[in-house]
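Residue numbers (our numbering): 30 to 847. Positions of the beta carbon are idealized from the N, C-alpha and C atoms, including for glycine. Since the structure is predicted, the reported quantities are computational estimates derived from the model, not experimental observations. All remarks here apply to the structure that follows.
Shown next, in the form of structure tokens:
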């Protein structure tokens, strides 16, 4: 019985303790008899006859709610039971069933409040306290859950299920002795429950008593298959505790005990994968699949492994094999879609994402991923409605969603923090494995050791922005370590970045734990994460707490929601101190702009004309080189309005695929604009890309996610940028850049003002020329491009973090004086 079925069974069907009017007694008894027999439709018909004679009858409304719940209509069930409670607020059984139904709908806080109403009316109801404990446990209100379970046991001591829940909670909190006591009390009551035996084994494993488990197994009269199964379950538990080496030993014994145990070999492969021992993992998968070749989930795991090894074609074949074996395996469709997307086979990826949604319609995460790809392809039909629905589901159900998916849609800072926290909870290392002792100088008697963690030390935007700051940092005060898990693309930028570090440490082949140990052993004072939740990020490394001070910087424009990250580097515009409540990190303000820049970036001197770029020679050229996922229907409405109102003007875009271009041309036509007024740029080397900005007249920013490096590129090349201020970090970046370059007049408050200003500038060439001249005059001296000024402020921020830690104080928000 799964959780949903258990909840339906929990919803009590019984005769309500209400006085029955003789006029409806016969109909009511018939209705209840059908209800208790599970004949829902007949019972509903009979109950409706009762309701026709006695409108507002509480038990009848309650029972209609139960019938709706049994028939999978949770919303109608809630409505009926609330009507019942409106007639009789003291109807305790209705409150309890309302709690159960709300929990099934993932409305956990409402469920808890309903259950508290029940126990308030019936303080001696042990079953209600058990339900309350379950609800609080799911809501992670552990202390309250334990109190509820203890109350249930006080009222009715012989409850093995409640004792087991308490044992599990004690185990989760590391209280193995208490967990074992509760578990063994439950076993005394019902020694036949296998789940209690398994729980006992997990508790013994948690306390390091694996030998005791093995001794107990040898004394039991079990077949080799049963012993292997028990060992497999023990190995699975050890894996959940990140005790992978021990898990491999246990799986090995399971495989020796039962040579036909595919589970042992396939599970061993998972443990090898977690240790980064990929070749051994692949061999274990092959051995397990040789025993049982019909394991679709195993082929999906092989796909994940091959994808992680950079063998995308093999991964695709493995996912397709998994789907051949089980066409409804949503996870295989999902991972196939992700891999196809990475290979830029976007149309195939979209079809695979749609199949993943079809086979897991309740998965908000799958829908978010599909929406992200649709944004990449500028496939906007119905997308606003789907985004709104998914955001609503995400807020209600608090499901795990990739945090970066929320950056480019109209989410709030609170949404982004929630996504970060949920993600952090799934990847955080167990407390027992985290580094708690740091023998660091924090700048006392030695240089401050700063480690930079990234997969972007190659020809990537992050490296382009940061490299000159790394080169400028005062080596008499700071010692720099680069922890790199990015490919070597052989570029000049790669060589510059590597040369900028005092110590360059490749960690691409290390497990997260080993990478964290290397960082810890290097005595790093401040670990700066440059990736966050962007592609190829490894926030798991930070969860081990390898450094006493850990910082979210530059790569991810929002809160990571991770307790192990102390600070986020920002500025007064992207993250005002008033926004601190929406960040798990303490906000650190640099005085000008959080974003560094490299003044050594060269702009090609090769002559380039509008004709070379496919642009009309005499037209006004609006430009937006934002990534396509940042574009949306609302922004496009504004841009097409500009084209309609500025005769002969064109919009110059940089989009990745033919599908995307076709979609944008269709969207233009639907808005009454000739699709040929959209001009599509191709990818160019960075120096040539910067140079071609001179062919445009005005750069149009996007919202809710602004241009970041893209806006800096435009400003560095001398092209004015117009933006609208958003609500989140990612929607305020361009405003910060424009302020730091001395053009705050190009920052507007909303899309209406944005459209008005863009139109005014397009119609007033002298005013636009004056802005361009102002940008040209200020570019070299403006704080945005003053790398040395930025470096000094960044150094002050790092020093202040160390000062706070040396004083024994917890991290706190602060601003670096300009």
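Alpha helix (DSSP H) containing residue 666: first to last residue?
-> Judged by DSSP secondary structure, residue 666 falls within the alpha helix (DSSP H) whose first and last residues are 662-674.
What first and last residue would you give for the beta strand (DSSP E) that runs through residue 579?
-> Counting along the chain, the beta strand (DSSP E) containing residue 579 begins and ends at 578-581.
Note down the Cα distance separating residue 205 from residue 252, rounded to an integer number of angstroms.
-> Separation of residue 205 and residue 252 (C-alpha to C-alpha, rounded to the nearest whole angstrom) is 29 Å.
Alpha-carbon spacing of residue 736 relative to residue 283, whole angstroms = Their backbone Cα atoms lie some 54 Å apart in a straight line.
Are the beta-carbon atoms of residue 266 and residue 291 separated by less than 7 Å?
-> Note that the C-beta distance between residue 266 and residue 291 is not below 7 Å.
Given residue 191 as reference, the closest of 348, 218 and 170 once Cα atoms are compared = Checking every option, the nearest Cα to that of residue 191 belongs to 218.
Secondary structure of residue 833, DSSP reduced to three states = Looking at residue 833 - three-state DSSP - the assignment turns out to be helix.
Out of 201, 189 and 236, state which residue places its alpha-carbon closest to the alpha-carbon of residue 213.
-> If we check each option's Cα against that of residue 213, 189 comes out closest.
Between the C-alpha atoms of residue 178 and residue 162, what's the straight-line distance to the nearest angstrom?
-> For residue 178 and residue 162, the distance between alpha carbons rounds to 5 Å.
CA nearest to the CA of residue 146, picked from 133, 135 and 129 | Residue 129 is the option with its Cα nearest to residue 146.
Determine the DSSP secondary structure at residue 45, reduced to helix, strand or coil.
-> Any reading at residue 45 needs caution, since the residue's pLDDT is 49, under 50, leaving its predicted position unreliable; the model's value is listed next. In the structure shown, residue 45 sits in coil (DSSP, three-state: anything other than H, G, I, E or B).
Between residue 560 and residue 457, which are expected to be in contact by the criterion C-beta below 8 Å, what is the C-beta distance as a whole number of angstroms?
-> That pair is no contact at about 16 Å.
What three-state label does DSSP hand residue 683 in the structure shown?
-> Coil, per DSSP.
Residues bridged to residue 568 [DSSP beta-bridge criterion] | Looking at the DSSP assignment, residue 568 forms no beta bridge with any residue, so it has no partner.
Indicate the three-state DSSP secondary structure (helix, strand or coil) for residue 160 in the structure shown.
-> Here residue 160 sits in helix by DSSP.
Starting from residue 558, follow its DSSP beta bridges and name the residues at the other end.
-> Among the bridge pairs identified by DSSP, residue 558 is matched with 482 and 581.
contact_flag[the segment 526-534, the segment 497-517] where n(CB pairs < 8 Å) is 3 or more = A contact exists between the segment 526-534 and the segment 497-517.
Determine, using beta carbons only, whether residue 603 and residue 761 come nearer to each other than 7 Å.
-> The answer is yes: Cβ separation under 7 Å.
Using a Cβ-Cβ cut-off of 7 Å (strictly less than) and excluding sequence neighbours within five positions of residue 833, which residues of its own chain qualify?
-> The beta carbon of residue 833 sits closer than 7 Å to those of 840 and 841, all from its chain and outside the five residues before and after it, given in chain order.
CB-CB under 7 Å to residue 350, same chain, minus the five flanking residues each way: which ones, in chain order?
-> The beta carbon of residue 350 sits closer than 7 Å to those of 328, all from its chain and outside the five residues before and after it, given in chain order.
Which of helix, strand or coil DSSP assigns to residue 170 = Three-state result, residue 170: coil.
For residue 200, collect the residues of the same chain with a Cβ closer than 7 Å to its Cβ; drop the 5 residues on either side in sequence, then sort them by chain order.
-> Excluding positions up to five away in sequence, the list reads 208, 231, 232 and 235.
Quick one: using the 10 Å Cβ neighbour count with 16 as the cut-off for buried, is residue 7 buried or exposed?
-> In this structure the chain extends from 30 to 847, so residue 7 is not present and cannot be described.
With distances taken from CA atoms, which of 92, 815, 310 and 749 is nearest residue 805?
-> Relative to residue 805, the option among 92, 815, 310 and 749 whose CA is nearest is 749.
In the DSSP assignment, what are the bridge partners of residue 728?
-> 652 and 750.
Kindly list the residues whose CB is nearer than 6 Å to the CB of residue 45, restricted to its own chain and excluding five residues on each side of it in sequence; keep chain order.
-> Because the pLDDT of residue 45 is 49, which lies under 50, any placement of that residue in the model is unreliable, and the number read from its coordinates should be weighed accordingly. Excluding residues within five positions, the ones whose Cβ falls inside 6 Å are 88.
Please work out which residues of its chain come closer than 8 Å, Cβ to Cβ, to residue 551, disregarding the five sequence neighbours upstream and downstream, and give them in chain order.
-> Once the five neighbours on either side are set aside, the close Cβ partners of residue 551 are 478, 480, 510, 532 and 534.
Would you list the residues sitting across from residue 533 in a DSSP beta bridge?
-> Paired residue(s): 511.
Could you check the C-alpha separation between residue 440 and residue 409 for me, to the nearest Å?
-> Straight-line Cα distance between these residues: approximately 17 Å.
Classify residue 357 as buried or exposed, calling it buried when 16 or more other Cβ atoms lie within 10 Å of its own Cβ.
-> Sixteen is the threshold: since fewer than 16 other Cβ atoms of the shown chains lie within 10 Å of the Cβ of residue 357, the residue is exposed.
Can you give the Cα-Cα distance for residue 154 and residue 182, rounded to whole angstroms?
-> It is roughly 11 Å from the alpha-carbon of residue 154 to the alpha-carbon of residue 182.
With DSSP run on the structure shown, which of helix, strand or coil describes residue 302?
-> Residue state, collapsed to three classes: helix.
Collapsed DSSP secondary structure at residue 839 in the structure displayed = Residue state, collapsed to three classes: coil.
Between 792, 450 and 845, which lies nearest to residue 620 when the distance is taken from Cα to Cα?
-> Residue 845 is the option with its Cα nearest to residue 620.
What's the call for residue 583, buried or exposed, on a 16-neighbour Cβ count within 10 Å?
-> Its Cβ being crowded by 16 or more others within 10 Å, residue 583 is buried.
Alpha-carbon spacing of residue 577 relative to residue 164, whole angstroms | Using only the alpha carbons, I get a separation of about 36 Å.
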